[in-house]
Amino acid sequence: MKLIFSRKGFDSSAGGVPSPIFPDGRMISLPIPDERSKVTYADISYNGASLGSLVAQLTRERIPAHSRVHIDPDLAQDSLQRLAGWRPIFGQTGPAQGHLRNNGVGPGDLFLFFGLFRRVENRDGIYTWVTNVRPCHVIWGWLQIAEVLPIESSKPPSGYEWAEYHPHFRQESESNNVMYVASRHLEIDNVDTDSLSGAGVFSYFSTSQQLTAPLAEKTTTWNLPAWFHPTGNRMPLTYHRNAQRWRRQGEGTELKTVSRGQEFILDCDEYPEAVGWAYDLLQKQQFGKTA
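If you read the sequence shown in this note's numbering, its first letter stands for residue 1100, the second for the next number, and so on.
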């Protein structure tokens, strides 16, 4: 199995602001704008309300509520009205998809989606950013791959008509355009764990999901488990072969991650500890543990 740390959602360049962590600990990754999409922020439901209003507040109306949105990955069933047969999906294209393909990413591998988050507060009914609180990288969702489908036209293949809304069917002319379809249940070490979904989002923030080191000056400085350090001949996380990016730090490992790049891949055959770590992370989320 491979773990793919996949950078998705709002940040300083795409969207212009972080995604929010609310006062009660709830969190949501804000998908980036996309004028080619059929879906708007106002179409997306979150916590019983339209996501459009929240996006407009946090961007100070720079992104209006009815702006079109690149809802990808699309992991939460109740966020939109769905056609029968819907399953969580994620699209990728261009060099990023080439990187996934060249590293053999396919069925059974697990995406861990992360993005830039910051705490917000409600002032007189309007959400604003909490002052003196730095943004951080946080894991916010996951998808285990069941199928990899090439996108070659604006129409989904037979049996996948429910995916026609997805923005990657507006990008059919782009190279390496594919759709990753989620497994129905998480399967770890060939064990089908019926209690754990094959894809989903973290409803609440937990320190176990935070990648950025707590006292780091830069968001891109991560605090990872000690086993993450690429000792011996083990292949490090892709895009991070430079040994100067890695440092032992107390009982963990510090990694200075690259500023750009979407897909960072870890081979669990070389890092078997990663399997249990990922399973524990998802199990805590689905059973409401936030330690």
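Glycine is no exception: its CB is placed at the ideal position from the N, C-alpha and C atoms.
Would SER1178 and ALA1164 qualify as a contact pair, given that the criterion is a beta-carbon distance under 8 Å? Along the sequence shown, one-based indexing puts residue 1178 at 79. Along the sequence shown, one-based indexing puts residue 1164 at 65. No, they are not a contact pair.
Strand pairing of ALA1298, partner residues [DSSP]: Walking along the sequence shown from the start, residue 1298 turns up at place 199. In the DSSP output, where bridge partners are listed per residue, ALA1298 has LEU1242.
Report the option in PRO1117, GLN1348, HIS1328 and GLY1351 whose CA atom is closest to the CA atom of ASN1341. Taking the sequence shown and counting its residues from 1, the one referred to as residue 1341 is at position 242. The option with the nearest alpha carbon to ASN1341 is HIS1328.
Can you grab the Cα-Cα spacing for the pair MET1334 / ASP1366, in whole Å? The residue you call residue 1334 lines up with position 235 of the sequence shown. The residue you call residue 1366 lines up with position 267 of the sequence shown. Each residue's Cα considered, the two are about 8 Å apart.
Would you report the Cα separation of GLY1214 and ARG1106, rounded to the nearest angstrom? Along the sequence shown, one-based indexing puts residue 1214 at 115. Along the sequence shown, one-based indexing puts residue 1106 at 7. Whole-angstrom Cα-Cα distance: 6 Å.
Compute the distance between the beta-carbons of HIS1169 and PRO1266, then report whether it is under 8 Å. Within the sequence shown, the letter at position 70 stands for residue 1169. Within the sequence shown, the letter at position 167 stands for residue 1266. Yes; because the gap between Cβ atoms is below 8 Å, this pair is in contact.
What distance in whole Å lies between the Cβ atoms of ILE1131 and PHE1109, which are believed to be in contact at a cut-off of 8 Å? Locating residue 1109 in the sequence shown gives position 10, where the first residue counts as 1. Locating residue 1131 in the sequence shown gives position 32, where the first residue counts as 1. Contact flag correct, Cβ pair sits at about 6 Å.
What is the DSSP secondary structure of LEU1336, counted as helix, strand or coil? Counting from 1 along the sequence shown, the entry for residue 1336 is found at position 237. DSSP places LEU1336 in coil when its eight states are reduced to three.
Considering only their Cβ atoms, is the gap separating PHE1189 from LEU1242 smaller than 8 Å? Translated into the one-based positions of the sequence shown, residue 1242 becomes position 143. Translated into the one-based positions of the sequence shown, residue 1189 becomes position 90. Result yes, Cβ atoms of LEU1242 and PHE1189 sit closer than 8 Å.
Considering only the alpha carbon of each residue, which of SER1112, ASN1202, PRO1187 and ASP1133 lies closest to PHE1363? Numbered from its first residue, the sequence shown carries residue 1363 at position 264. That would be ASN1202, whose Cα lies nearest to the Cα of PHE1363.
Check the C-beta distance from SER1274 over to GLY1193 and give it rounded, since I have them as a contact under 8 Å. Within the sequence shown, the letter at position 175 stands for residue 1274. Within the sequence shown, the letter at position 94 stands for residue 1193. That belief holds up - the Cβ atoms of SER1274 and GLY1193 are roughly 6 Å apart, short of 8 Å.
Count the other C-beta atoms from every protein chain shown that fall within 10 angstroms of the C-beta of ALA1128, then say buried if there are 16 or more, exposed otherwise. Taking the first residue of the sequence shown as position 1, residue 1128 is located at position 29. The sequence shown places Ser at residue 1128, not Ala. Residue burial is scored here from C-beta neighbours: SER1128 has at least 16 other C-beta atoms within 10 angstroms and is therefore classed as buried.
So, TRP1326 versus GLU1369, is the Cβ gap smaller than 8 Å? Numbered from its first residue, the sequence shown carries residue 1326 at position 227. Numbered from its first residue, the sequence shown carries residue 1369 at position 270. No, Cβ-Cβ distance for TRP1326 and GLU1369 is not below 8 Å.
Can you tell me which of PRO1187, THR1158 and GLN1156 puts its alpha carbon nearest to the alpha carbon of LEU1285? As a working mapping, residue 1285 is identified with position 186 in the sequence shown. It is PRO1187 whose Cα lies nearest to the Cα of LEU1285.
Please state whether the Cβ-Cβ distance between TYR1264 and LEU1248 is less than 8 Å. Locating residue 1264 in the sequence shown gives position 165, counting from the first residue. Locating residue 1248 in the sequence shown gives position 149, counting from the first residue. No, Cβ-Cβ distance for TYR1264 and LEU1248 is not below 8 Å.
Short Cβ contact (8 Å threshold) for VAL1237 with ARG1218: Here residue 1237 refers to the residue found at position 138 when the sequence shown is read from its first residue. Here residue 1218 refers to the residue found at position 119 when the sequence shown is read from its first residue. No.
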